[in-house]
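S.K.: Can you read through this structure? Questions will come right after.
2 protein chains.
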Amino acid sequence: MNARKTVTIEDVALAAGVSRQTVSRVINRGPNVKPAVRERIDAAIERLGYVPNLSARRMGGGKSFMILAINDRQRTLENWEAGRGNDWVDQMLFGGMTECEKHGYHLVFELIDAGADDAPRQLSRVIASLRPDGVVLTPPHSDDQALVSLLDERGIACARIGQREPSGHLDIFMDERGAAMEATRHLVELGHRRLTFIAGSPGYGNSRRRVEGFQSATRAAGISKDGATVLDGDFHFSTTAAVLEPLLKSRVRPTAIIADNDEMAFATLHVADRCGIEVPRGLSVISFEDTPGVRFSVPPLTAIRQPTARMIACACEKLIESASGKRAAGSFEIPHELIMRATTGPPPR
Amino acid sequence: MNARKTVTIEDVALAAGVSRQTVSRVINRGPNVKPAVRERIDAAIERLGYVPNLSARRMGGGKSFMILAINDRQRTLENWEAGRGNDWVDQMLFGGMTECEKHGYHLVFELIDAGADDAPRQLSRVIASLRPDGVVLTPPHSDDQALVSLLDERGIACARIGQREPSGHLDIFMDERGAAMEATRHLVELGHRRLTFIAGSPGYGNSRRRVEGFQSATRAAGISKDGATVLDGDFHFSTTAAVLEPLLKSRVRPTAIIADNDEMAFATLHVADRCGIEVPRGLSVISFEDTPGVRFSVPPLTAIRQPTARMIACACEKLIESASGKRAAGSFEIPHELIMRATTGPPPR
DNA sequence: TTTAGGATTGTGAGCGTTCACAAAAATGTG
DNA sequence: CACATTTTTGTGAACGCTCACAATCCTAAA
Chain A
1 MNARKTVTIE DVALAAGVSR QTVSRVINRG PNVKPAVRER IDAAIERLGY VPNLSARRMG
61 GGKSFMILAI NDRQRTLENW EAGRGNDWVD QMLFGGMTEC EKHGYHLVFE LIDAGADDAP
121 RQLSRVIASL RPDGVVLTPP HSDDQALVSL LDERGIACAR IGQREPSGHL DIFMDERGAA
181 MEATRHLVEL GHRRLTFIAG SPGYGNSRRR VEGFQSATRA AGISKDGATV LDGDFHFSTT
241 AAVLEPLLKS RVRPTAIIAD NDEMAFATLH VADRCGIEVP RGLSVISFED TPGVRFSVPP
301 LTAIRQPTAR MIACACEKLI ESASGKRAAG SFEIPHELIM RATTGPPPR
Chain B
1 MNARKTVTIE DVALAAGVSR QTVSRVINRG PNVKPAVRER IDAAIERLGY VPNLSARRMG
61 GGKSFMILAI NDRQRTLENW EAGRGNDWVD QMLFGGMTEC EKHGYHLVFE LIDAGADDAP
121 RQLSRVIASL RPDGVVLTPP HSDDQALVSL LDERGIACAR IGQREPSGHL DIFMDERGAA
181 MEATRHLVEL GHRRLTFIAG SPGYGNSRRR VEGFQSATRA AGISKDGATV LDGDFHFSTT
241 AAVLEPLLKS RVRPTAIIAD NDEMAFATLH VADRCGIEVP RGLSVISFED TPGVRFSVPP
301 LTAIRQPTAR MIACACEKLI ESASGKRAAG SFEIPHELIM RATTGPPPR
């Protein structure tokens, strides 16, 4: 009942009649071990229930078998505290953890204040303490050159999510522009000729790229400037509702709206309802986020689904690869998806 | 540009003109260090930007500065893969990570197959590898005696979430029964006399406790058996909708429904709509989960909000305390909340 | 002044791995 | 069969910290 003595590599070595180094080779799938010996060692490991101690591994060799995922403290806490939840983080955990698990890795989350003067210091502390094999940077950290340089300097591989300019690092992103074009095209094909895009924040790179996609697709469809308007929201419900109400009440209102996130899409649904406009009969709506609650809106929202989980999984995979020698670099575009639910249809005549 | 040499405790010792042990004492807030010396060391730490290496600390002493949070693999993956998200996990991360951060700890998530024969083996592997200072067990793992014993044997403190029988461990829970009573009372006070509780799964302890609360509250209000029915759902939309439709179409249908989770509450809203019953005019609905999407249902759901984040934060806090010597035991009830939104009102006449 | 006793500081050892290299065994070559 | 190669295995040392204990410094009582 008293704490059993820990099984160490030495115990296994003894049991298998070899040296610790040979056992180490087996654990690390190293070459140059006779099949017979390998088998004997595997058996001993199994029998003794040996599991390598991560801290010791980290001390001895270089690897920590740990990937660090960094999020913006302010945005993350805001979401949580407002009861809005954090589907983004949830997705990250899903993609990251399941991928890490496959390789015997662990995922650790940390928050860092984006843009703060001491952001590099904060990151520096975390990596000095944890010494992860790789770091996943999410927006807006992905764009922070100071952080990237710091990681470079320390020789820690990093993956940048949502960063599409090739940078000699790992850049993993979805095609925001293309997704906006796809959503727009879907609407155009349905017959819409007066569309509005409600942008989140002009300062937010992805918003910009989506607006571009929207404009480019409408232009390609031969829709005039007046038929393709862009409204500035701020990602939130009430502001969006306020901005939207006059628009939907005007005589030449749009017949389709693309919202930069779910909350603004919900606001759209809400305002439409108040204005007596039926969705999708009188107005089509597409959102650009697809959080889980979306399925239960009335009607369920058609939305572009961001492949967050897959992006993080990809990041982890590449980072883990790079920890075993390969140079970590390259651009990876992860496919998005337009999930058709019930808020799009042909425009009213 | 080439990887800077790591700053170790030895460097600090040298810079401050003391031995490593004295620096160690300062880091660990140990007693018996002259204020002047302490200051000198603190200054050196600051100047050199020293951050202790976690792995080395773990190797040297006992502590790993790491808390492990365990979830059920199947349920968790199911939620994720179905695109349902995992608000529970999200909340855990919020509560756990922010609390851990306060104490210089880190939170690591792992999945384990609940009920599987080798669940203890799975857990055993993770703790042998990570050697966390404490483990947070969530339902249904909280009830798994095999896991708890294993942890005991290994001398690792554990906190059980949702486990209310005092067990000599850390038991952290909310008052499910009381919450159900509160929801029921709210409805009764509004004037309802025909209520239905849609239970998730009879095998699920919390479902049982809620049903109890529901029945006890209706009984206390002098409502007959017929006026307080319990329906078995399975936590999912379609099944619930199917079960509910005949009920809501019957002549003596309930005027209020309490659903064991949001999805079933949404199903209720959906069926009500199809039956031409207006909510809350013709039917009141309360949910027992309160995921973020709930705010955007039409109408927004009134719900019992589970204090998941606070439960996990409490668990982490106590576990961390126990890592610094204190014995980890005790029962902690975390208060829940009935969030009033727009799905409850007086019954139709 | 001496000295016990507490407060403060330092020293060697050890935690469980992997690394770099040395040794031994197996294999091939002429 | 002797030798050069290659494959396989083993041996210190090191990683950065804390532990247990030893050494030193003070303080104050005798």
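For the protein sequence lines, the chains are A and B, in the order given.
Residues 1 to 349 in the numbering used here are what the first sequence spells out, letter by letter.
Residues 1 to 349 in the numbering used here are what the second sequence spells out, letter by letter.
Beta carbons: idealized from backbone N, C-alpha and C, even for Gly.
#1: Tell me which residue opens and which closes the beta strand (DSSP E) that residue 287 of chain A is part of.
#2: Determine, using beta carbons only, whether residue 292 of chain B comes closer than 7 Å to chain A.
#3: Per DSSP, which residues does residue 71 of chain A bridge with? Please list them.
#4: Name, going along the chain, the residues of the stretch 11-41 of chain B whose beta-carbon falls closer than 8 Å to a beta-carbon of chain A.
#5: List the residues of chain B whose Cβ lies closer than 9 Å to the Cβ of residue 233 of chain A, in chain order.
#6: Please go through the same chain and pick out, in chain order, the residues whose beta-carbon is closer than 6 Å to the beta-carbon of residue 44 of chain A, but skip the five residues on each side of it.
#7: For the stretch 238-257 of chain A and the stretch 213-223 of chain A, state whether three or more C-beta atom pairs, one from each stretch, are separated by less than 8 Å.
#8: Just to make sure I have the definition right: I need the residues of chain A whose C-beta is within less than 8 Å of the C-beta of residue 87 of chain B. Which are they?
#9: Within 10 angstroms of its Cβ, does residue 210 of chain A collect 16 or more other Cβ (buried), or is it exposed?
#10: So residue 66 of chain B and residue 108 of chain B are in contact, right, with Cβ under 8 Å, and what is the actual spacing, rounded?
#11: Are the Cβ atoms of residue 260 of chain B and residue 198 of chain B separated by less than 7 Å?
#12: Which residues of chain B have a Cβ atom closer than 7 Å to the Cβ of residue 93 of chain A, listed in chain order?
#13: At which residues does the alpha helix (DSSP H) containing residue 268 of chain B begin and terminate?
#14: Keeping to the same chain, check which residues put their C-beta closer than 8 Å to that of residue 339 of chain A; ignore five residues upstream and five downstream.
#15: Which of the residues in the stretch 130-148 of chain A, read from start to end, lie with their CB under 9 Å from any CB of chain B?
#16: Between residue 331 of chain B and the rest of its own chain, which residues show a CB-CB distance below 6 Å, the 5 nearest in sequence each way excluded?
#17: Are residue 329 of chain B and residue 157 of chain B touching if we call contact CB-CB under 7 Å?
#18: Count Cβ pairs between the stretch 274-281 of chain B and the stretch 232-251 of chain B that sit closer than 8 Å; are there 3 or more?
#19: Checking 7 Å against the spacing of the C-beta atoms, do residue 241 of chain B and residue 267 of chain B come in under that value?
#20: Cβ atoms of residue 92 of chain A and residue 312 of chain A: under 7 Å apart, would you say?
#21: DSSP puts residue 66 of chain B in a beta bridge; with which residues?
#22: Any beta-carbon of chain A closer than 7 Å to the one on residue 128 of chain B?
#23: Please report the residue range of the beta strand (DSSP E) in which residue 134 of chain A lies.
#24: Under three-state DSSP, which class holds residue 337 of chain B?
#25: Measure from the alpha carbon of residue 25 of chain A to the alpha carbon of each residue in A:336, A:296, A:48, A:57, then state which is nearest.
#26: For the alpha helix (DSSP H) containing residue 312 of chain A, list its first residue and its last residue.
#27: Residue range of the beta strand (DSSP E) that residue 13 of chain B falls in?
#28: Can you give me the Cβ contacts of residue 231 of chain A inside the same chain, cut-off strictly under 8 Å, excluding the 5 residues immediately before and after it?
#29: Does residue 58 of chain B have its Cβ less than 7 Å from a Cβ in chain A?
#30: Looking at chain B, is there any beta carbon in it that lies within less than 7 Å of the beta carbon of residue 54 of chain A?
#31: Go to residue 251 of chain B, then tell me how far its alpha helix (DSSP H) extends in each direction, as first and last residue.
#32: From the DSSP output, in three-state form, read off residue 185 of chain A for me.
#33: Indicate the three-state DSSP secondary structure (helix, strand or coil) for residue 327 of chain B in the structure shown.
#34: Does residue 116 of chain A pass the burial test, meaning 16 or more other C-beta atoms within 10 Å, or should it be called exposed?
#35: For residue 296 of chain A, return the contacting residues in chain B, with the cut-off set at a CB-CB distance below 7 Å.
#36: Checking contacts by CB at 7 Å: is residue 125 of chain B closer than that to chain A?
M.R.: Well, looking at it:
#1: 284-287
#2: yes
#3: A:111
#4: none
#5: Near residue 233 of chain A there are no residues of chain B at all, since even the closest Cβ is about 15 Å away, more than 9 Å.
#6: 12, 15, 16
#7: no
#8: 85, 90, 292
#9: buried
#10: 6 Å
#11: yes
#12: 89, 93, 109
#13: 262-274
#14: 290, 302, 303, 304, 305
#15: 130, 131
#16: 166, 171
#17: no
#18: yes
#19: yes
#20: yes
#21: B:106
#22: yes
#23: 134-137
#24: strand
#25: A:57
#26: 308-323
#27: Not the beta strand (DSSP E): residue 13 of chain B falls in the alpha helix (DSSP H), residues 9-16.
#28: 196, 197, 198, 199, 243, 244, 247
#29: yes
#30: yes
#31: Looking at the DSSP string, residue 251 of chain B is not in any alpha helix (DSSP H), and its letter there is neither H nor E.
#32: helix
#33: coil
#34: exposed
#35: 266, 293, 297
#36: yes
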